[in-house]
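Numbering (my numbering), first residue to last: 425 to 994.
Since the structure comes first, as structure tokens, the remarks are kept for the end.
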């Protein structure tokens with residue numbers, strides 16, 4: 425792909441995404457639809473991109489950004505459901521698709537058909553997440569969908585490597601396949617965790633937010649490359665690094681956090697639009713290539729339709745099968761005579777409690793849209809195998825594009841209707857978050873007042889007791905007014921934290937000098953931040969709410985620094 429074409433696709437996808445956001449539509453769906461139409465316009469050049477670029481340049485930052493946003497707390501709580509969908513469903517989909525494809529087109533060979541299954545097996549949660557956030561899907565559903573998309577890519581790409589190796593003539597046993605999975609998981613997670621720990625250690629000790637933000641931008645590429653080079657899963661390395669850094673981000677400087685949010689949001693918007701534009705733009709060229717291939721367009725189209733149908737049906741079948749299996753296991757445990765009241769049995773029965781209602785299961789079943797990994801894997805299918813030229817390469821690409829575009833348009837366009845029709849919308853989530861924010865704010869104010877009283881002697885010797893007491897009294901009154909506003913409005917976002925300073929600037933001037941008051945207030949902000957983290961770590965505060973509260977504290981500290989700079993200039 426030439427530079428002018430690249431820039432044109434980036435600019436075009438950005439314009440379409442901006443229009444979709446303005447209209448309140450899912451941007452990925454509109455980008456795919458527009459690109460699909462453009463691909464059939466006569467004279468439009470063929471768009472090709474190396475699959476290696478997609479896997480090493482585009483996929484890592486998208487995964488890393490998603491991992492940063494995922495609540496690690498909620499992720500671990502839903503890990504059982506995430507594993508089932510992210511690993512179990514990928515394997516089942518690959519096997520079922522492979523067997524169906526082999527039955528319809530025996531010329532693909534069984535390894536080739538299973539390779540096709542691996543290509544189309546991983547869903548992409550980008551479209552589903554954007555729709556779910558807009559409509560208000562329950563947070564536990566969003567967590568499972570996001571978590572699934574973080575690990576299913578690793579499972580599908582590992583399967584992909586296995587079947588490519590078999591096509592190349594390697595003899596791999598079932599034990600060998602399991603070993604490849606174990607190595608991919610263990611090495612990938614270890615590499616990502618080490619990189620995350622090192623980067624986070626350095627960033628927490630840096631006083632330069634620009635350098636810290638730049639380091640964060642390099643992490644996904646370094647993690648993916650290192651994970652793959654050491655024989656592990658680059659995808660899992662990126663995810664592990666992202667989860668660790670995201671969970672520990674409150675320990676970095678507030679300026680780094682404030683800078684990173686818009687940077688990663690911009691990268692997501694640009695890369696997601698580019699990927700979905702690529703998917704649509706390549707359809708016409710793939711159809712042309714298949715028409716001139718050995719299998720022909722008709723057989724390939726029949727196969728594509730069959731695989732598309734299988735992909736649509738396998739997900740709900742698997743989701744409900746695992747649901748009823750878990751429900752049956754729980755019912756059996758609760759009926760065991762004599763031992764059902766044992767603590768270990770009761771704990772296991774509680775663990776098997778279904779997380780979702782049937783309506784939520786239907787929504788989860790309908791979020792199987794494919795995306796960037798299917799695109800990259802299809803482009804990476806080898807043209808030569810051990811027996812010579814691989815006859816199914818172009819057919820696999822066509823099937824992959826039909827499944828990707830088909831699921832994006834069919835499920836993506838109907839998912840909002842399904843969510844509304846079933847009423848799977850948590851209207852009370854915002855209210856619960858507001859109540860948690862009020863509670864944590866009251867707690868921080870109460871404990872901060874105690875902290876002030878405990879350190880009065882120490883600060884009085886440093887600043888002078890008369891000056892300190894007047895300033896502390898004003899700070900406490902400001903906190904009390906902030907709590908009152910929260911209790912009345914129950915909405916932290918509408919609270920102007922610095923408003924009390926302006927209201928009392930002329931009436932209640934603190935006796936401490938500007939630099940002294942800034943030093944004192946910064947110490948109090950740090951203490952309030954530590955209370956919020958303690959509540960999160962103890963499981964008393966939802967991580968999503970914690971981020972909102974910390975954002976308010978970050979804004980307060982930014983205002984403090986801004987006023988200091990203004991005062992120094994004057």
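Quick reminder that beta carbons are idealized off the backbone N, C-alpha and C, glycines included.
Computed from a predicted model, the values in this text were never measured in an experiment.
Under 7 angstroms between C-beta atoms of residue i and residue j
i	j	result
residue 484	residue 648	yes
residue 891	residue 936	yes
residue 665	residue 616	yes
residue 542	residue 573	no
residue 522	residue 509	no
residue 695	residue 482	yes
residue 794	residue 827	yes
residue 824	residue 529	no
residue 567	residue 627	no
residue 452	residue 550	yes
residue 783	residue 822	no
residue 974	residue 864	no
residue 479	residue 535	no
residue 578	residue 657	yes
residue 463	residue 697	no
residue 637	residue 683	yes
residue 531	residue 815	yes
residue 678	residue 978	yes
residue 800	residue 475	yes
residue 942	residue 984	yes
residue 560	residue 896	no
Start-to-end residues for the alpha helix (DSSP H) that takes in residue i
i	result
residue 587	563 to 591
residue 556	549 to 559
residue 715	707 to 715
residue 427	427 to 447
residue 675	Residue 675 -> no alpha helix (DSSP H), and no H or E assigned at all.
residue 949	938 to 961
residue 654	Unbroken run through residue 654: none, as it is neither H nor E.
residue 469	No alpha helix (DSSP H) contains residue 469, which DSSP labels as neither H nor E.
Reference residue i; option with closest CA among the options
i	options	result
residue 629	543, 646, 696 and 673	673
residue 515	910, 961 and 738	738
residue 805	588, 717 and 708	588
residue 857	972, 948 and 689	972
residue 468	736, 595 and 460	460
residue 700	716, 830 and 632	830
residue 949	967, 982, 733 and 968	982
residue 898	912, 945, 865 and 886	945
residue 496	986, 960, 976 and 974	960
residue 662	702, 575, 465 and 675	575
residue 785	742, 809, 987 and 613	742
residue 818	833, 727, 732 and 744	727
residue 876	851, 947 and 457	947
residue 723	525, 679, 834 and 978	525
residue 511	799, 571, 940 and 969	571
residue 458	942, 437 and 636	437
residue 968	713, 885, 562 and 657	562
residue 951	848, 939 and 878	878
residue 470	599, 634, 713 and 911	713
residue 487	426, 745 and 797	797
residue 839	491, 439, 555 and 504	555
residue 540	779, 882 and 732	732
residue 749	505, 717, 716 and 938	505
residue 455	841, 832, 809 and 720	832
residue 692	491, 987 and 955	491
For the segment 896 to 907 against the segment 862 to 869, do three or more pairs of beta-carbon atoms, one drawn from each stretch, fall closer than 8 angstroms, so that the two count as touching? Result yes; three or more Cβ-Cβ pairs closer than 8 angstroms.
Going along the chain, which unbroken runs of the beta strand (DSSP E) with 3 or more residues stay wholly within the segment 590 to 650? none
List, from N- to C-terminal side, the alpha helix (DSSP H) runs of 4 residues or more that fit wholly inside the segment 770 to 818. Runs of the alpha helix (DSSP H) lying entirely within the segment 770 to 818, each at least 4 residues long, are 782 to 789 and 796 to 803 in chain order.
Below 8 angstroms, how does it come out for the segment 439 to 447 and the segment 783 to 803: are there three or more Cβ pairs, yes or no? In short, these stretches do not touch, since the Cβ pair count stays below three.
For the 8 angstroms Cβ check, are there 3 or more pairs between the segment 799 to 818 and the segment 584 to 603? yes
Hey, which unbroken runs of the alpha helix (DSSP H) at 4 residues or more fall wholly within the segment 479 to 549? Taken in chain order, the complete alpha helix (DSSP H) segments of 4 or more residues contained in the segment 479 to 549 are 483 to 493, 496 to 501, 503 to 507, 513 to 528 and 534 to 544.
Report the start-end ranges of each alpha helix (DSSP H) in the segment 839 to 921 that is 4 residues or longer and not cut off at the edges. 853 to 878, 880 to 887 and 889 to 913
Mind the definition here: the segment 606 to 613 touches the segment 636 to 646 only if three or more C-beta pairs lie below 8 angstroms; say whether that holds. no
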